[in-house]
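Numbering that gives the first Met the number 0 puts the first residue of the sequence shown at 0, with every later residue one more than the last.
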Amino acid sequence: MDRARFAECVGGALLHVTPEVNLPGIRAAGLRRAESLIAAAGLSPGAHRLRAGPVRLETAQGPATLTHQRPLRAGRGKDFLDGHTLESWAAVLDARLFFWPAARGAAFARSLPDAAVIRLDAGAFHDAFAPDIWLSPINSGNATRRPARRGDWLYVSVSAGEAAFRHNRAAPGRGGTRSRETVAEISLRRDIPADLLATLRTG
């Protein structure tokens, strides 16, 4: 998926939604994955996995609050994970930075109290991180109601092309889908330093 098509698919911008209290730390150190924040707080890699509520951490760059993982915990006892347990899938989530397409992210942010929105230009994001941008047709951390099947295969690299993304879940054993897949979630398996983040922001 090239720069222009990626930008079109996500509505021209990506949104990262975070508790407002995290903004000073983001200004100081950029966007960090949950696993990076846990390490920066001097805790073991598995600490605070499958969080039932928000968790406040103390790091050298200031405090940071990890959001809860209750939507994933709602999947306990349900058969929706391919090659993972709830705990190992929580680790997959903690190893990624997540972003919303513009419209979906704005709606999600409005549903949360004290949420801050970091808006990034989609074209600049593609320039900075492709091919290491990962696309998902679902919220991969939500297992409420009837959760869609998921595994490591769920995330499709932007470099694989639009057809690969559209047909990914149609492969045998992946739950199948008759609908036309759209990008619901974007992720990176890396942090974004503050200086780079500043060049991507549009508001």
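All residues carry an ideal CB built from backbone N, CA and C; glycine is no exception.
So the alpha helix (DSSP H) F164 belongs to, where does it begin and stop?
Position 165 of the sequence shown, counted from the first residue, corresponds to residue 164. Counting along the chain, the alpha helix (DSSP H) containing F164 begins and ends at E161 to H166.
Going along the chain, which residues of its own chain have a beta-carbon closer than 6 Å to the beta-carbon of G122, five neighbours each way excluded?
Position 123 of the sequence shown, counted from the first residue, corresponds to residue 122. Cβ within range, chain order: R2 and A6.
P23: buried (16+ other C-beta within 10 angstroms of its C-beta) or exposed?
Here residue 23 corresponds to residue number 24 of the sequence shown, with the count starting at 1. Classification of P23: exposed, given that the 10 Å Cβ count is below 16.
Limits of the unbroken beta strand (DSSP E) element including W133
Within the sequence shown, the letter at position 134 stands for residue 133. Residues W133 to S135.
Thinking C-alpha only, which one of I25, V91, G202 and R48 is nearest L187?
Position 188 of the sequence shown, counted from the start, is the residue given in the question as residue 187. That would be V91, whose Cα lies nearest to the Cα of L187.
Taking the beta carbon of E19 as the centre, do at least 16 other beta carbons fall within 10 Å, making it buried, or is it exposed?
Residue mapping note: residue 19 aligns to position 20 of the sequence shown, counting from 1. By the 10 Å Cβ count, E19 comes out exposed.
CA-CA distance, L65 and P53?
The sequence position of residue 65 within the sequence shown is 66, counting from 1. The sequence position of residue 53 within the sequence shown is 54, counting from 1. Cα to Cα, L65 sits roughly 6 Å from P53.
Can you tell me whether V160 is buried or exposed, with buried defined as 16 or more other CB within 10 angstroms of its CB?
Sequence index remark: in the sequence shown, residue 160 carries index 161 (1-based). With the sequence shown as reference, residue 160 is identified as Gly, and Val is not the correct amino acid for it. Exposed, because fewer than 16 other Cβ atoms sit within 10 Å of the Cβ of G160.
Residue range of the beta strand (DSSP E) that includes R118
The residue labelled residue 118 in the question sits at position 119 within the sequence shown. That run of the beta strand (DSSP E) goes A114 to D120.
Spatially closest choice to S59 from A129, A28 and R148, by CA coordinates:
The sequence position of residue 59 within the sequence shown is 60, counting from 1. First, the amino acid is wrong: residue 59 is Ala here, not Ser. Nearest of A129, A28 and R148 to A59, Cα basis: A28.
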